[in-house]
Amino acid sequence: MVNSNGKKSMLKVKPNPSRLLGTLAALAVISLGAGGASAQEIALGAIVPSSGPFAEWGRSNSVTLKMLEKQTNDAGGINGAKLKITILDDGAKPAQAASSLRKLAGDEKVLAVAGPLTSSAAEVTFPVANEMKVVATSQASSKPGVAKLNRPWAFRNTIDEGVLAKTTVPYFKKAFNIKTVGIIFDAKDATAATVGKAIMPAALKANEISIVNESDPLSFNTGDLDVSAQVTKLKSLNPDGVVVSADYSQAITVLREMKRQGLIKPVVGATQLISSAILKAAPEIPIIAPATFFATMKGEAAEKFVANLQPLLRKESGLPAEIEPSMYDANIYEIVSMYIDAIKRSGVTGKPADVEADRAKIRDHLAKLEGFQGLGGPIGFNDDGDAIKAFYVLQGQNGAWDTKVRGCSSAPNHAGC
Amino acid sequence: MSTYYASLFAEAGILLLGALSVYIILATGQLSLGNAAFMAIGAYLSSYLTVVVGMPVTAALIVSAIAAGIIGVIVGFPALRLKGIYLAMATLGFGEMIRSFFINFPAMGGSGGFHGMAHISVGYIWAWAGGILVVLIVVERSRVWLEMQAVHDDETAAGLVGLNTVAIKVSAFGIGAAVAAVSGGLFAHHHVYIEPANFGFERSIDFVLATILGGSTLGLGSLIGAILLVFLPEFLRPIADWRLAAFGTLLILVLLVRRQGIVDRTLLRGLTFRKAAS
Amino acid sequence: MLWQQLVNGLTLGAIYTLLALSFSIVMGILGILNLAIAELFMIGGYFGFTLIAANFPLPVAVLGGMAGAAIAAMLIEKIGYQPLRGAPVVTPMLSTLGFSIILQNVATNFWGSDPLQLPDEYLGRQYTVGPVNIGQMQLIVVGATIVLVTLVAYTVQRTTIGRALRAVAENREVSRLLGVSADRLTLFAFALSGALAGVAGVLIALHYGAITPYLGVEIGLKAVAVMVIGGTTNIWGALLAGPLIGVVEVLTVAYGGSQVRDFVVYGFMILILLLRPQGLLGGARSDQGQRV
Chain E
-9 MVNSNGKKSM LKVKPNPSRL LGTLAALAVI SLGAGGASAQ EIALGAIVPS
41 SGPFAEWGRS NSVTLKMLEK QTNDAGGING AKLKITILDD GAKPAQAASS
91 LRKLAGDEKV LAVAGPLTSS AAEVTFPVAN EMKVVATSQA SSKPGVAKLN
141 RPWAFRNTID EGVLAKTTVP YFKKAFNIKT VGIIFDAKDA TAATVGKAIM
191 PAALKANEIS IVNESDPLSF NTGDLDVSAQ VTKLKSLNPD GVVVSADYSQ
241 AITVLREMKR QGLIKPVVGA TQLISSAILK AAPEIPIIAP ATFFATMKGE
291 AAEKFVANLQ PLLRKESGLP AEIEPSMYDA NIYEIVSMYI DAIKRSGVTG
341 KPADVEADRA KIRDHLAKLE GFQGLGGPIG FNDDGDAIKA FYVLQGQNGA
391 WDTKVRGCSS APNHAGC
Chain Z
253 MSTYYASLFA EAGILLLGAL SVYIILATGQ LSLGNAAFMA IGAYLSSYLT
303 VVVGMPVTAA LIVSAIAAGI IGVIVGFPAL RLKGIYLAMA TLGFGEMIRS
353 FFINFPAMGG SGGFHGMAHI SVGYIWAWAG GILVVLIVVE RSRVWLEMQA
403 VHDDETAAGL VGLNTVAIKV SAFGIGAAVA AVSGGLFAHH HVYIEPANFG
453 FERSIDFVLA TILGGSTLGL GSLIGAILLV FLPEFLRPIA DWRLAAFGTL
503 LILVLLVRRQ GIVDRTLLRG LTFRKAAS
Chain D
29 MLWQQLVNGL TLGAIYTLLA LSFSIVMGIL GILNLAIAEL FMIGGYFGFT
79 LIAANFPLPV AVLGGMAGAA IAAMLIEKIG YQPLRGAPVV TPMLSTLGFS
129 IILQNVATNF WGSDPLQLPD EYLGRQYTVG PVNIGQMQLI VVGATIVLVT
179 LVAYTVQRTT IGRALRAVAE NREVSRLLGV SADRLTLFAF ALSGALAGVA
229 GVLIALHYGA ITPYLGVEIG LKAVAVMVIG GTTNIWGALL AGPLIGVVEV
279 LTVAYGGSQV RDFVVYGFMI LILLLRPQGL LGGARSDQGQ RV
């Protein structure tokens, strides 16, 4: 329009209805702002791995967040403002996760960020969260100490594997009368290697279970197809049970090989094992692992969440037809719900001028959060930034997860579950 | 410039050095698919020096570059025995060995990774990346570069006219390794966390990709390639689930349209209107 | 345990052999590293898997995987290799990398990133011979490998098309003088290589009973090492080197070295390259290499 006849077209401007409405809306915003009420839109961000080896988790996380956004806005938004969640894909690559956080916090001016998912990504993204002074809460990282190193802005809606193993291992011992175990772990996966080399051995020793391959750790690498040699070796050592420390998709390879070689011994592991896919790998092998959520969980909040989300997940292209909501969908749902709660209750305005103050309010709200109603019970955070919430030791067998023990990751000077 | 773009430029600077490390070795006709190994050595050594020894970062980078350079020379000698794709495969094996080594090196965290480095700015990264690029562009106009080109084009002939082909090829390996180590040191201090998975085959391939896409006959090509490889995936975000496929497709298209890389001397001359003068 | 470990090693070795052979057909004849072979293997696996899941018999699944991967390989040749024929070897290598990125993305979008699993062991019967357990599928994998290597060796060494392939490998110009279409032969070499990768994919997916879009990445690099160790110019090299590396890996794990396994394998490859660049069974020519 700005051309040689610009003058002419300017003269031609007539009042038109849509422009009038727009002007009125703008005036409304200004008057609301002046009146001290909140902004039109509350911006939050999320970093999920929608491409690469964890694509399924990232894509189902995205569906979960879109559902929550719609639910919130249908219910009138946050203090009258619309919720907008900007979701970025990091492909499970640490560098992309870190630059995604910069885009969300710096360019999109979001008030808080959910994610990133993996511990490797969290390790490089959390320092950026501190630099940018914006809350980032991981939905899946459980490698010990990742949030602790990056206080005060880093949080994780997960429980440190070291805490979980303290409840998981005694149940495993009691349920299957375990005296000896063999350990096999994924040496390339930082979380799995830490669990396999340090956390599990310590928890086993505390429970007087001896490790048959203590001097000879058995490992494989992410992406290995064949673990037959490791399993044959385990079988020859004849332990009562097996520790499999690996991400579930790698653990499936181990379980299928155990089944093929007839090593039908109970398996114990970390939260990384929890998935519906792993139940199909070797239904006759019992799997013990801790979780804060699983799709067949009882309880009003959890059942409602699954009932709402499952049909949406199954409708989404790029996701398998029989997919169920995962623990990480529940975690990211809780994270953003906590942010919304913080915004509602701590006087966050959502105005561009207040963005720094708003971010600090959210952080302070989370740090002293107690008894937030999550999908599986009350949630708070400990001094390390990790969640205080209920967890369940689950037994997976014959295609279903079953709750065996309920625990709580309580911490001194914080309310329990 | 927003901090998001700044971080992308930081990535591009780190990748530029990785690409240059391949470019320098390639200039003597040797293809390395294992430069992530030198990057890993630089990342781990410089992090050790700053975190444990308490050295300033610049000094740590220089020491790491020299150490990696020496290792590069040591690797360069057996590499003389191999040519073409066979050398590429040996370097690939070397890369996997070094990664496997760091996974099993508990002193630096093993697969659990290593922390504690102080964050460096994008300006600092580009001081190194730009500095090395400028030095290289100057060297490209010197006699040394002509000698390297002679070895690249016809090693036997280069030897016959009295060039010390062994010294040229081995030093290229050493200097390439040193540049990759600087890239690794900057990477470690930019992300303030490293783990062996950062330095796999994929990283080595990224270096080669940046060099070849940008143009492997000019140092400037690596710059174009590095910027393209970092920014393209970001610009492809709107297509969501098909982002990587689109990236792969564009990669093939660029190679088909410009097999010599995006920039070469002809293009450069065309752009700078120096055609008439020459 | 040792005997059982040898069986494990030989099974793994058979897989390496098939993939290494797939790499070496393109490498030995055309001198380029086709990085998409790892993904052709994966795509072949998915085709076979889908057919088995739809209750087709094993031979149909194998043929399906083979055809699928061969067609994909021909597309790669037509789009990504043929136009770049005169370029330095690194250029077509990177264009095959582009295809491998595309194939991984396509597989993720069609089949998901979670492992796809067979509900039960396919042909799960086990035979016990003394201290050793061998599965029916394991026997099929090893048997199929021997048959396929023999077939490929026969094709390359005894048939007209094989002789023409070797002529092209020696010298493109000479092959034109002989009246052989080098372009069609190149296409044939890619298809043959893809077909082998596809068969390997189907067999392995069924043997392990689970498959992901990233199935080929690690094993692909190992197969490159196996190809180098065996020698790229001799078909039988892969048949020797595959089981050799399989057994070396398995024994490293069995005797306490699971963490240094990859270190050992790649170290061995470098040693072979330095001491005998033509590989264990390679001829004299291969150490020349093309300019990059």
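Residue numbers (the numbering used here), protein chains in the order written: chain E, -9 to 407; chain Z, 253 to 530; chain D, 29 to 320. Don't be surprised by glycine CBs; every beta carbon is placed ideally from N, CA and C.
Does residue i have its Cβ less than 9 Å from a Cβ in chain E?
i: threonine 255 of chain Z; result: yes
i: glycine 365 of chain Z; result: yes
i: tyrosine 445 of chain Z; result: yes
i: alanine 97 of chain D; result: no
i: proline 271 of chain D; result: no
i: leucine 68 of chain D; result: no
i: arginine 313 of chain D; result: For arginine 313 of chain D, the pLDDT reaches just 49, beneath the cut-off of 50, and the residue's location in the model is therefore unreliable, although a value from the coordinates is still provided. Judged by the 9 Å Cβ criterion, arginine 313 of chain D is not in contact with chain E.
i: serine 141 of chain D; result: yes
i: threonine 78 of chain D; result: no
i: threonine 45 of chain D; result: no
i: glycine 362 of chain Z; result: yes
i: serine 456 of chain Z; result: no
Please check if any C-beta of chain Z sits within less than 9 Å of the C-beta of residue i.
i: alanine 36 of chain E; result: no
i: proline 310 of chain E; result: no
i: threonine 119 of chain D; result: yes
i: arginine 319 of chain D; result: Confidence in arginine 319 of chain D is poor, its pLDDT being 48 and thus under 50, which makes the residue's placement unreliable; the coordinate value appears in the next sentence. Yes, its Cβ sits closer than 9 Å to a Cβ of chain Z.
i: phenylalanine 291 of chain D; result: yes
i: glycine 26 of chain E; result: Residue placement at glycine 26 of chain E is poorly supported in this model, since its pLDDT is 42, which falls under 50; the coordinates still yield a value, given next. Closer than 9 Å: no.
i: methionine 190 of chain E; result: no
i: valine 252 of chain D; result: yes
i: glycine 42 of chain E; result: yes
i: tyrosine 242 of chain D; result: no
i: valine 134 of chain D; result: yes
i: glycine 73 of chain D; result: no
Using beta carbons (cut-off 9 Å, strictly below), is residue i in contact with chain A?
i: tyrosine 275 of chain Z; result: The question asks about chain A, but that chain is absent: this structure's protein chains are E, Z and D.
Measuring only from the beta carbon, is residue i closer than 8 Å to any heavy atom that is part of the ligand GDP?
i: alanine 82 of chain E; result: Absent from the structure shown: the ligand GDP. Ligands present: none.
Which residues does DSSP pair with residue i in a beta bridge?
i: proline 280 of chain E; result: E:Val383
i: alanine 126 of chain E; result: E:Val103 and E:Ala144
i: aspartate 392 of chain E; result: E:Gln385
i: leucine 429 of chain E; result: Past the edges of chain E, shown from -9 to 407, lies residue 429 of chain E, and the structure says nothing about it.
i: glutamate 31 of chain E; result: E:Lys72
i: leucine 145 of chain D; result: The amino acid occupying residue 145 of chain D in the given sequence is glutamine; leucine does not appear at that position. For glutamine 145 of chain D, which the question treats as bridged, DSSP gives the partners D:Ala238.
Can you tell me the Cβ-Cβ gap for residue i and residue j, rounded? I've got them flagged as a contact below 8 Å.
i: tyrosine 323 of chain E; j: threonine 54 of chain E; result: 5 Å
i: glutamine 129 of chain E; j: tyrosine 318 of chain E; result: 5 Å
i: valine 217 of chain E; j: valine 258 of chain E; result: That pair is no contact at about 17 Å.
i: isoleucine 268 of chain E; j: leucine 245 of chain E; result: 7 Å
i: lysine 334 of chain E; j: asparagine 69 of chain E; result: 6 Å
Would you verify that the beta carbon of residue i is, or is not, closer than 9 Å to some beta carbon of chain D?
i: aspartate 516 of chain Z; result: no
i: leucine 519 of chain Z; result: no
i: asparagine 416 of chain Z; result: no
i: serine 109 of chain E; result: no
How do the segment 340 to 350 of chain Z and the segment 453 to 471 of chain Z stand: do at least 3 beta-carbon pairs fall below 8 Å, yes or no? Yes: the two stretches touch, three or more of their Cβ pairs being nearer than 8 Å.
Starting from the N-terminal side, write out each stretch of the alpha helix (DSSP H) that is 4 residues or longer and does not extend beyond the segment 168 to 251 of chain E. Counting only runs of 4 or more, we get 180 to 184, 190 to 196, 218 to 227 and 238 to 250.
Are there three or more Cβ pairs, one per stretch, closer than 8 Å when the segment 360 to 367 of chain Z is compared with the segment 328 to 339 of chain Z? Here the segment 360 to 367 of chain Z makes no contact with the segment 328 to 339 of chain Z; the two share fewer than three CB pairs at distances below 8 Å.
Alpha helix (DSSP H) runs contained entirely in the segment 302 to 380 of chain Z, provided each spans 4 or more residues: Uninterrupted alpha helix (DSSP H) stretches at least 4 residues long and entirely within the segment 302 to 380 of chain Z occur at 309 to 331 and 336 to 355, given in chain order.
Please determine if the segment 356 to 366 of chain E and the segment 287 to 298 of chain E are in contact, where contact requires at least 3 C-beta pairs separated by less than 8 Å. As far as the Cβ criterion goes, the segment 356 to 366 of chain E touches the segment 287 to 298 of chain E, which means the pair count is three or higher.
The segment 43 to 51 of chain D contacting the segment 253 to 266 of chain D, beta-carbon criterion three pairs below 8 Å: Yes, the segment 43 to 51 of chain D is in contact with the segment 253 to 266 of chain D.
How do the segment 297 to 312 of chain E and the segment 100 to 116 of chain E stand: do at least 3 beta-carbon pairs fall below 8 Å, yes or no? Taking a cut-off of 8 Å for Cβ pairs, the segment 297 to 312 of chain E and the segment 100 to 116 of chain E do not touch, as fewer than three such pairs fall below it.
Quick one: which unbroken alpha helix (DSSP H) runs of 4-plus residues sit fully inside the segment 69 to 114 of chain D? Chain order, please. Counting only runs that start and end inside the segment 69 to 114 of chain D, the alpha helix (DSSP H) elements of at least 4 residues fall at 86 to 104.
For a minimum of 4 consecutive residues, which ranges assigned as the alpha helix (DSSP H) are wholly contained in the segment 257 to 281 of chain Z? If only uninterrupted alpha helix (DSSP H) runs of at least 4 residues are considered, none is enclosed by the segment 257 to 281 of chain Z.
Spell out a yes or no on whether the segment 233 to 243 of chain D and the segment 513 to 521 of chain Z are touching, meaning 3 or more CB-CB pairs, one atom from each, closer than 8 Å. Touching, no, given that fewer than three Cβ pairs across the two stretches are closer than 8 Å.
Are there three or more Cβ pairs, one per stretch, closer than 8 Å when the segment 262 to 281 of chain E is compared with the segment 193 to 212 of chain E? Flag = no, the segment 262 to 281 of chain E and the segment 193 to 212 of chain E do not touch.
Segments of 4+ residues assigned as alpha helix (DSSP H) that fall wholly inside the segment 466 to 502 of chain Z: Entirely contained in the segment 466 to 502 of chain Z, the alpha helix (DSSP H) runs reaching 4 residues are, in chain order, 471 to 487.
Are there three or more Cβ pairs, one per stretch, closer than 8 Å when the segment 98 to 111 of chain E is compared with the segment 123 to 140 of chain E? At 8 Å Cβ cutoff, the stretches touch.
So, do the segment 426 to 436 of chain Z and the segment 271 to 281 of chain Z have three or more beta carbon pairs nearer to each other than 8 Å? They touch, by the three-pair rule.
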